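Heads up: the structure comes next, in structure tokens.
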Amino acid sequence: MTQLAQRETSNPQFQFLIPNHTFHNFFQSMVDQYSILLRESGVNGEGSKAQQERVDQLRHNAADKFKVLARAKQRAAYAKWQEAEKAKQEEEEEKKKIEFARVDWNDFVVVETIVFTEADDQANLPPPTTLNDLQYASLEEKNKVSVSSTLRIEEAFPFEDTSYNAYPPQTYGVQAPAAQPPPTTASTYPATNGPTAQPPAASVPLASRPRAEREEAEAQRAQEQEQERLRMQQAQAEARGGVPPMKIKENYVPRAAQRAASKFGTQTAMCPNCKQQIPLNEMDEHMRIELLDPRWKEQKAKADARYATTNLSTVDVANNLKRLASQRSDVFDTTTGQPVSEEELARRKKVALHAFDGNPDGKNPAHMNQLQTSNLDEQIRAIHQKYAEKK
């Protein structure tokens, strides 16, 4: 088969030998069917063996009828299971369609509108994080969460000077003040008459003390440890040459952000009522004024209109007068735009009286031609009637 495909590569009639062709599966099934028929018919010496197996199977079915019944039951159960699976799948698809149709995709509410200003374009923002950064950040957060914040003083993490500097540094002539021993709460007994009598330390264990005393003792011990750590840091700073400990500044604003803020002025935000950009430092006062009376603007506009001198606009008065003069040709001259004099009005009336012939449109050529045509038609009709009566 491979040799045939390689030999007939350029022949379009054998394109079905390519596995990606549409008819390749049909060709393969035909090959399988013919292979079965040829094998059972005796090709390659296997025909008798296959025939004997088929005869043995038929004889076994004839001897044991319940075997065929068992196979039929198995086939019926499989068909029933297949129908049930198909019905279940169709029901799930129908439920999905119903749930999808139940959702009103046009019913939504705009919660907030984000407005980007010029300050956002100039803001000094960090670069976008990657997936690896997010994964490592999540691991760090898990590590932070795993450490309980309610650890006791004895289980607290060691400080930097105690963990990395196991041995105290040499002070080179500067002697650190000795740590004062914590005051002990041991109860002492009065001295006996013997010269070597010493007061026995009868200290009460922490477990047997009340809870308030235990908390007070732990707080006192924590305060003493903090004082000791501060004294040690001060001694180390003096040994290094009097350099004070580093001060960490909180609420630090980068210089780039400061320059951007000074360049674009104070940051602004949009007022939800008047839809205007208001500085953030004036937003509280602006909102207080806006919320005093929602109808304040309407009332102010009505008051201004009430006390105004006129409600007419004085814009384009000259243009309006020119347009009026052009439309009233009986009052103003269309050429000069000046009012028509009394002599001109009398002359126009006189011309109109002498020129009127009963037609509102006056003497125009079209009207006169129509009158002449109608007279000619009447004359021709009268002639035809006259000769018709003689005949």
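Each residue of the sequence shown is one higher than the one before, starting from 1 at the first, in full-length UniProt numbering.
We put the CB at the ideal spot given by N, CA and C, even for glycine.
Just so it is clear, the structure is predicted and the values come from calculations on it, not from any experiment.
Environment of residue i [buried if 16+ CB atoms lie within 10 Å]
| i | result |
| --- | --- |
| Met232 | buried |
| Thr268 | buried |
| Thr2 | exposed |
| Pro181 | Note on Pro181: pLDDT 44, under 50, position unreliable in the model; the coordinate value appears next. Classification of Pro181: exposed, given that the 10 Å Cβ count is below 16. |
C-beta atoms of residue i and residue j nearer than 9 Å
| i | j | result |
| --- | --- | --- |
| Phe332 | Ser341 | no |
| His24 | Phe14 | no |
| Gln277 | Thr117 | yes |
| Glu250 | Asn273 | no |
| Gln51 | Glu40 | yes |
| Met270 | Val115 | yes |
| Lys67 | His60 | yes |
Between the CA atoms of residue j and residue i - distance to the nearest angstrom
| i | j | result |
| --- | --- | --- |
| Ser329 | Ala301 | 41 Å |
| Trp296 | Leu131 | 53 Å |
| Ala123 | Gln234 | 41 Å |
| Ala84 | Lys95 | 16 Å |
| Trp81 | Ala63 | 30 Å |
| Glu8 | Ile18 | 11 Å |
| Glu224 | Pro254 | 38 Å |
| Met283 | Val111 | 21 Å |
| Gln89 | Leu4 | 45 Å |
| Asp104 | Glu91 | 22 Å |
| Asn20 | Glu53 | 37 Å |
| Leu292 | Tyr252 | 37 Å |
| Gln33 | Arg102 | 51 Å |
| Leu38 | Glu93 | 46 Å |
| Ala72 | Ala87 | 22 Å |
| Val31 | Thr22 | 16 Å |
| Leu324 | Val317 | 11 Å |
| Ala256 | Pro128 | 19 Å |
| Gln74 | Gln6 | 46 Å |
| Val351 | Glu343 | 12 Å |
| Gln135 | Glu228 | 40 Å |
| Asp133 | Ile248 | 26 Å |
| Ala178 | Glu216 | A caution first: Ala178 carries a pLDDT of 44, below 50, which makes its placement in the model unreliable, though a value can still be read off. Straight-line Cα distance between these residues: approximately 24 Å. |
| Asp120 | Arg288 | 27 Å |
| Arg259 | Tyr307 | 48 Å |
| Ala212 | Leu230 | 27 Å |
| Glu298 | Lys275 | 17 Å |
| Ser10 | Ile36 | 31 Å |
Cut-off 8 Å between Cβ atoms - residues of its own chain near residue i, not counting five sequence neighbours on either side
| i | result |
| --- | --- |
| Leu280 | Thr266, Gln267, Thr268, Ala269 |
| Glu27 | It should be pointed out that residue 27 corresponds to Phe in this sequence rather than to Glu. Closer than 8 Å at Cβ, skipping near neighbours: Phe16, Leu17. |
| Asp107 | none |
Own chain, CB closer than 7 Å to residue i, minus 5 neighbours either side, in chain order
| i | result |
| --- | --- |
| Glu99 | none |
| Glu378 | none |
| His286 | Cys271, Ile278 |
Close beta carbons around residue i, own chain, < 6 Å, minus the five adjacent residues each side
| i | result |
| --- | --- |
| Asn319 | none |
| Ala77 | none |
| Ala382 | none |
Distance cut-off 8 Å: residue i Cβ against heavy atoms of the ligand GDP
| i | result |
| --- | --- |
| Lys297 | Of the ligands one can find in the structure shown there are none, so the ligand GDP has no counterpart to examine. |
- Message: Give the list of continuous alpha helix (DSSP H) stretches no shorter than 4 residues that lie fully inside the region 11-92.
- Response: 24-40, 47-63
- Message: Restricting to runs no shorter than 4 residues, where is the alpha helix (DSSP H) found entirely within the region 262-288?
- Response: none
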